[in-house]
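Asks: Going line by line, the protein sequences match chains A and B. Following the working numbering, the numbering of the first sequence begins with 57 at its first residue and continues without gaps. Following the working numbering, the numbering of the second sequence begins with 887 at its first residue and continues without gaps. By construction, the Cβ of each residue, glycine as well, lies at the ideal position given by its N, Cα and C atoms.
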Amino acid sequence: MGDDFVQEIAEFLQKNAEGGLLPFSVQQEAGQRFSLHIAEVEEISLRHDLLPARYQRNRTMISLQQQLSLLRSKVAVFGCGGLGGYIIEELARLGVGRIAVVDPDVFEEHNLNRQLLCTLELLGIKKVVAAEQRVAAVNPAVRLQAFDVAFGQSNSAEILNGVTVAADALDSIPVRLELVEACNNQNIPLVHGAIAGWFGHVAVQYPGENILQHLYAGKKTGHGVEKRLGNPSFTPAAIASLEVAEIVKILLKTEPLLPRRYLAMDLYHMEFTEVFFPDGDRELIKRK
Amino acid sequence: MQVTVKLFANFRNKRFKIMVQTIASDTTVGAIVSELDITEEEVGVILINGRHGSLDQTLAEGDTLSLFPLIGGG
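1. Check each candidate in G286(A), L246(A) and N287(A) and name the one with the smallest Cα separation from A301(A).
2. Between the Cα of V162(A) and the Cα atoms of L271(A), Q242(A) and A186(A), which residue gives the shortest distance?
3. Relative to the C-alpha of A320(A), which candidate in N72(A), I295(A) and A223(A) has its C-alpha closest?
4. Is there a Cβ from chain B that is less than 8 Å from the Cβ of R338(A)?
5. Indicate whether at least one CB of chain A lies closer than 8 Å to the CB of F954(B).
6. Within 8 Å of any Cβ in chain B, is that where the Cβ of E234(A) sits?
7. Is the distance from the Cβ of G138(A) to the Cβ of I303(A) below 8 Å?
8. Hey, which unbroken runs of the beta strand (DSSP E) at 3 residues or more fall wholly within the stretch 106–191 of chain A?
9. Is H325(A) helix, strand or coil by DSSP?
10. Evaluate the contact criterion for the stretch 228–246 of chain A versus the stretch 934–949 of chain B: three or more CB pairs, one atom per stretch, below 8 Å.
11. I'd like to know if V300(A) contacts chain B, where contact means its C-beta is closer than 8 Å to some C-beta of that chain.
12. Mind checking K342(A): buried by the 16 CB within 10 Å criterion, or exposed?
13. By the criterion of Cβ-Cβ separation under 8 Å, what are the contact partners of N287(A) in chain B?
14. Measure from the C-beta of H248(A) to each C-beta in chain B and report whether the shortest distance is under 8 Å.
15. Beta carbon of Q123(A), beta carbon of L102(A): below 8 Å?
16. Since G87(A) and L126(A) should fall inside the 8 Å C-beta cutoff, what is the C-beta to C-beta distance between them, to a whole number of angstroms?
17. Does DSSP put E74(A) in a helix, in a strand, or in coil?
18. Considering Cα atoms alone, identify which of T944(B), T950(B) and E926(B) is closest to I904(B).
19. So, for K182(A): in the same chain, excluding its five sequence neighbours on each side, which residues have a beta-carbon less than 7 Å away from its beta-carbon?
20. Just reading off the alpha helix (DSSP H) that R24(A) is part of, what are its end residues?
21. Residues of chain B with CB under 7 Å from K275(A), in chain order?
22. Closest Cβ-Cβ distance between E282(A) and chain B: below 8 Å?
23. Between the beta-carbon of N287(A) and the beta-carbon of R170(A), is there less than 8 Å?
24. Give the straight-line distance between the Cα atoms of P108(A) and N167(A), rounded to the nearest whole angstrom.
25. Please list the partners that L951(B) has in chain A, where partner means a Cβ-to-Cβ separation under 8 Å.
26. Note the first and the last residue of the continuous alpha helix (DSSP H) segment covering V931(B).
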């Protein structure tokens, strides 16, 4: 895009802005008038100190510059079920510019009790297709990349290409451990969450760390106590939100909440327990 | 000898939250888990005095053992 063209667009946006805020109708009109993606208009808007009006209630927490960082970020969400649905929703509303979503499954009736993207109309529909529709309906500035596949070694490089942070919303322990290894190899921070019944936990794992290997070492069964306890609506919503709070801080390079520890959540007894991992354990990881 | 056992999440159901137990020396974490009628597959994080432990580790007088269930749902 040439400087003159950008200047012309910026002038159009400034002329139609209201008190430093860019109404969505103007953003959309600019997209049509100049044949640009809504995300491209958003980039020019933020670079010219205009905040898209949808983000005005974030303003005291997320500066214009930080909003631009979010727009330029890419998060991969592994799993579009209980955790993944809420994570995708929250990332889209935050204005994270690119989201890759990965899930091979279709919605089934037993997903209705907790999975945000699951509605009666979407039973039998691919979860990644539902994610695409939802994100387009909520925030068209977000470009969603849908991977209708099971994550594995064969597709990890393609899915993780250009990803700033990976979000673990998987429901299988062996696949999780593959994701941990892939993120480690590709130097991508991983925000992990898992749920069962009233309980869940969240952890941030930077490349070279081994919190998740500790959590899941030697577990071959593939599942935890969730197979017996099930999952209600509120537990995935809570853990997904904790994950997104951590993701945002990594994207904005602010101090993360959970380095070298994980947080266990018990909503039945309303207890949160921190578990620390000594720095010495760092050496246990074999780095490539 | 005496050790303190702390249970978390659903491990507390029909058991306890915290209990001081008298055990023989050389008792392993696995033996305590088994005594509590918890299967090894159900066990997630094991902490001994706040540090990561394993099922085959033996406990010493005054140790605190914390047990968390394995949680893997999404």
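Replies: The relevant details are as follows:
1. By 1-based counting over the first sequence, the position of residue 301(A) is 245. Ranking the options by Cα distance to A301(A), first place goes to L246(A).
2. Counting from one through the first sequence, the residue named residue 162(A) turns up at place 106. The shortest Cα separation from V162(A) among L271(A), Q242(A) and A186(A) belongs to A186(A).
3. For the purposes of this step, residue 320(A) is identified with residue 264 of the first sequence, where counting begins at 1. Considering only alpha carbons, the answer is I295(A).
4. Sequence index remark: in the first sequence, residue 338(A) carries index 282 (1-based). Note that R338(A) has pLDDT 41, beneath the 50 cutoff, so the model's placement of it is unreliable and no number is given.
5. One-based indexing of the second sequence puts residue 954(B) at position 68. Output row for F954(B): interface = yes.
6. By one-based count along the first sequence, residue 234(A) stands at place 178. The C-beta of E234(A) comes no closer than 8 Å to any C-beta of chain B.
7. The count along the first sequence starts at 1 and reaches residue 138(A) at position 82. The count along the first sequence starts at 1 and reaches residue 303(A) at position 247. It is not a contact, given that the beta carbons lie outside the stated cut-off.
8. Secondary structure in the stretch 106–191 of chain A: the beta strand (DSSP E) runs of 3 residues or longer, each lying completely within the stretch, are 130–134 and 154–158 in chain order.
9. The residue given as residue 325(A) occupies position 269 in the first sequence. In this structure, H325(A) counts as coil in the three-state DSSP scheme.
10. In this structure the stretch 228–246 of chain A does not touch the stretch 934–949 of chain B; the number of beta carbon pairs closer than 8 Å is below three.
11. The count along the first sequence starts at 1 and reaches residue 300(A) at position 244. For V300(A), the answer is no, since every Cβ of chain B falls outside 8 Å of its Cβ.
12. Numbered from 1 along the first sequence, position 286 holds the residue referred to as residue 342(A). In this prediction, K342(A) scores a pLDDT of 32, lower than 50, which makes its location untrustworthy; no coordinate-derived value is stated.
13. Stepping through the first sequence from its first residue, residue 287(A) is reached at position 231. Against chain B, the beta carbon of N287(A) has neighbours under 8 Å at G959, listed in chain order.
14. The sequence position of residue 248(A) within the first sequence is 192, counting from 1. The Cβ of H248(A) sits no closer than 8 Å to any Cβ of chain B.
15. Position 67 of the first sequence, counted from the first residue, corresponds to residue 123(A). Position 46 of the first sequence, counted from the first residue, corresponds to residue 102(A). Yes, these two residues count as a Cβ contact at 8 Å.
16. The residue given as residue 87(A) occupies position 31 in the first sequence. The residue given as residue 126(A) occupies position 70 in the first sequence. With a contact defined as Cβ atoms closer than 8 Å, G87(A) and L126(A) miss out at about 19 Å.
17. What you label residue 74(A) is simply residue 18 of the first sequence in a count that begins at 1. Shown here, E74(A) sits in a strand according to DSSP, grouped into three states.
18. The residue you call residue 904(B) lines up with position 18 of the second sequence. Of T944(B), T950(B) and E926(B), the residue nearest in Cα terms is T950(B).
19. On the first sequence, position 126 is the one that residue 182(A) refers to. Here the set comprises V162 and D204.
20. Chain A is shown from 57 up to 344; residue 24(A) falls before or after that span and cannot be answered.
21. Locating residue 275(A) in the first sequence gives position 219, where the first residue counts as 1. In chain order: L956.
22. Start at 1 with the first residue of the first sequence, and residue 282(A) comes out as number 226. Interface residue, yes.
23. As a position in the first sequence, residue 287(A) is number 231, starting the count at 1. As a position in the first sequence, residue 170(A) is number 114, starting the count at 1. For the 8 Å CB-CB criterion, N287(A) and R170(A) form a contact.
24. Along the first sequence, read from residue 1 onward, the residue named residue 108(A) stands at position 52. Along the first sequence, read from residue 1 onward, the residue named residue 167(A) stands at position 111. Between P108(A) and N167(A), the C-alpha separation is close to 34 Å.
25. For the purposes of this step, residue 951(B) is taken as residue 65 along the second sequence, with counting starting at 1. For L951(B), no chain A residue has a C-beta closer than 8 Å to its own C-beta; the minimum C-beta separation is roughly 14 Å.
26. If you number the second sequence from 1, residue 931(B) lands on position 45. It is not in any alpha helix (DSSP H) - V931(B) instead sits in the beta strand (DSSP E) that spans V929 to I934.
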